[in-house]
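Some notes on the structure that comes next.
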Ligand code: C2E
Ligand code: MG
Ligand code: MG
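Residue numbers (this note's numbering): 10 to 600.
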């Protein structure tokens with residue numbers, strides 16, 4: 010078949026000659042065809058012919074030739090592979106936009122970029138302008154204006170380079186681009202069945218931070234190896250980046266069983282360059298066609314499932330469920346509203362008194378954040394603080410809380426404490442936190458000794474040395490540090506020795522158990538005794554009944570806080586609370 014002869018039926022955009030040529034020498038093959046070609050083609054063939062010769066001259070690896078209307082003339086196999094084209098070769102005459110739309114290796118912005126550049130190139134004056142280079146992630150393209158014709162797109166030189174563009178250099182697995190191509194191809198199969206497994210390592214950052222990046226890299230290679238050995242030949246495994254891997258299974262069933270095995274396998278200990286590393290894996294699964302038929306949506310839904318697995322405590326897998334979409338939308342709406350709230354200043358602080366036991370005098374107030382949203386009403390911090398932490402908004406919000414709480418406390422008639430909750434996220438930028446505290450104290454004139462910061466145990470899980478330095482710097486300003494919600498998270502008594510805390514606040518779940526005669530009693534007593542001997546104030550949170558208050562007094566607690574004394578109140582109600590007579594718990598036995 011003569012090369013691109015106008016007499017040849019325009020079946021597909023690929024000419025067999027070019028594919029075969031790829032195996033030997035492309036130039037020689039082209040030359041042979043030229044030599045064999047007998048009578049000169051008629052009707053515009055000469056122009057097309059010369060354009061193709063032009064294209065072949067520049068042919069290195071992948072190649073797409075487009076006519077002056079940016080419709081497909083040819084697209085060789087290598088180009089199709091690199092672009093992630095799924096299914097049979099594209100039809101000749103297919104519009105560029107439609108060709109690119111089915112190129113699974115390209116993202117929307119990349120497709121738009123290629124098309125814009127091709128149009129711009131077509132608009133350039135005749136002649137042979139310089140080829141234009143276009144780098145899209147790890148794919149590099151050369152766009153060539155074909156004199157008197159359309160545009161040729163060349164994809165990188167040499168088979169090895171083309172392969173490299175699809176490979177993750179660290180693990181040798183496929184990369185994100187290879188994954189997109191494989192996913193598009195899998196979805197284009199007649200049954201369109203595929204299971205997409207997204208796997209994210211738990212605590213990988215911790216290994217990286219504590220042992221260094223070379224160890225982190227070696228660990229990723231070990232993980233890749235473990236994953237590789239547990240898959241079948243028909244499965245596709247790639248590293249999407251960082252500590253995220255993806256697996257494609259050609260069938261939708263079986264994904265759960267595999268995910269379960271992988272969670273177990275990945276979380277077994279590793280010996281990496283002499284270090285013992287313990288990590289885990291969280292997995293999200295979405296399946297085609299039941300969860301989605303389109304690559305982008307399938308990926309998003311697997312990602313939602315992964316998010317759910319992490320939210321449920323990590324080290325497990327989750328299948329995509331339709332409710333996850335609704336939840337993601339609700340979360341998105343909350344995020345939008347929360348960002349507006351910061352801009353519009355929709356926050357307020359309420360203050361809840363802390364009283365001494367047994368005297369009953371108010372020794373301070375805890376500032377508690379309230380969000381008054383026009384549509385949602387009063388939103389509880391428990392609902393929005395986790396999200397604010399996740400998206401980093403907690404930093405500006407926390408700074409506002411510090412400023413506002415210090416300013417309000419400075420106006421009180423008595424020099425009592427103001428306690429402010431500080432998120433673990435605020436400790437990731439210690440310098441900024443210290444600056445915020447300094448500014449809040451300076452602008453309000455409140456002495457540092459009247460400010461108490463409540464931190465949770467999660468703060469201590471971060472980089473210990475750095476956190477301790479921040480806590481000591483706060484102490485140096487006279488600021489007191491309280492351990493909040495003690496007994497809930499990862500608390501251990503040994504943490505109390507890592508830093509000279511001024512106060513322990515026993516989580517309210519313990520006092521609620523007191524009346525049910527459970528271990529709560531023992532915990533409150535033990536912590537009160539420990540605090541007394543270490544010189545740390547022990548506060549019991551959530552005291553709602555006289556019996557609970559009496560128990561706090563009897564077990565040696567130093568302070569209490571709870572609805573019995575007062576609910577959190579707006580700032581303007583604080584003076585009345587300060588003026589109110591002391592509420593001493595009635596002397597009564599707890600038995
Ligand atoms: P927290 O620091 O442990 O605050 C005590 C929570 O217990 C408050 O809930 C308070 O209203 C509630 N409470 C107090 N006494 C009682 C009681 O007798 N019974 C019951 N059932 N609950 C009681 P709130 O205000 O909803 O705050 C929830 C959590 O949100 C706080 O727990 C704190 O962790 C966080 N939070 C509040 N304000 C801020 C803030 O400004 N920054 C940060 N980072 N977190 C905040
Ligand atoms: Mg608190
Ligand atoms: Mg608390």
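Glycine included, every Cβ here is placed at the ideal spot set by N, Cα and C.
Less than 8 Å separates the beta-carbon of residue 295 from that of residue 329. Using a 10 angstroms sphere on the CB of residue 245, the tally of other CB atoms reaches 16 or more, which defines it as buried. According to the DSSP assignment, residue 484 belongs to the alpha helix (DSSP H) that extends over 473–485.
Remark: the shortest separation between the CB of residue 430 and any heavy atom of ligand 2 falls under 7 Å.
Placement of the Cβ of residue 448 at a distance of 7 Å or more from every heavy atom of ligand 2 is found. Across the set 539, 522 and 516, the C-alpha of 539 shows the shortest separation from the C-alpha of residue 503. Per DSSP, residue 461 lies in no alpha helix (DSSP H); the unbroken beta strand (DSSP E) holding it starts and ends at 460–464. DSSP places residue 579 within a strand segment (E or B) once states are collapsed to three. Bridge pairing for residue 141: 152 [DSSP].
Within the chosen limit of 7 Å, ligand 3 does not reach the beta carbon of residue 392 with any heavy atom.
With three or more CB-CB distances shorter than 8 Å, the segment 445–462 counts as touching the segment 485–498. In the pairwise beta carbon analysis, the segment 273–283 is classified as not touching the segment 183–203: fewer than three pairs are separated by under 8 Å. Taking 8 Å as the cut-off, the beta carbon of residue 205 is found no closer than this to the beta carbon of residue 306.
Counting along the chain, the unbroken alpha helix (DSSP H) around residue 543 starts and ends at 528–543. Looking at the DSSP output, residue 345 bridges to nothing. A contact is defined here as three or more CB-CB pairs under 8 Å, and the segment 427–434 meets this definition with respect to the segment 360–380. For residue 584, the closest of 264, 321, 425 and 115 by C-alpha to C-alpha distance is 425. Only buried fits residue 153, as 16 or more other CB atoms lie within 10 angstroms of its CB.
Closest by C-alpha distance to residue 201, out of 253, 209, 301 and 186, is 301. For the segment 329–395, the continuous alpha helix (DSSP H) assignments of 4+ residues that do not extend past its boundaries occur at 331–353, in sequence order.
For residue 578, the shortest C-beta to heavy atom distance toward ligand 1 is 7 Å or greater. Contact check for residue 158 against residue 57 passes: the beta carbons are separated by less than 8 Å. If you draw a 10 Å sphere on the C-beta of residue 271, you find 16 or more other C-beta atoms in it, and that means buried.
Bridge partners of residue 489 according to DSSP: 461. By the neighbour-count criterion, in which 16 or more other beta carbons inside 10 Å mark a residue as buried, residue 353 falls on the exposed side. When C-alpha distances from residue 342 are compared across 392, 180 and 358, the shortest belongs to 392. Around residue 92, the same chain offers 112, 114 and 115 as residues with beta carbons nearer than 7 Å, after the five sequence neighbours per side are excluded. Segment contact: the segment 216–229 against the segment 258–269, fewer than three CB-CB distances shorter than 8 Å; contact not assigned. Annotation note: the segment 81–120 contains the following uninterrupted alpha helix (DSSP H) runs of length 4 or greater, listed N- to C-terminal: 86–92 and 105–110. By the neighbour-count criterion, in which 16 or more other beta carbons inside 10 Å mark a residue as buried, residue 88 falls on the buried side.
For residue 457, the CB stays at least 7 Å from every heavy atom of ligand 1. In this structure, ligand 3 has no non-hydrogen atom nearer than 7 Å to the beta-carbon of residue 312.
With a cutoff of 8 Å on beta-carbon distance, residue 436 and residue 388 are scored as not near each other. Counted as a single uninterrupted DSSP element, the beta strand (DSSP E) harbouring residue 163 occupies residues 160–163.
In the DSSP secondary-structure assignment, residue 75 is bridged to 81 and 160. In the three-state reduction of the DSSP assignment, residue 326 falls in the strand class.
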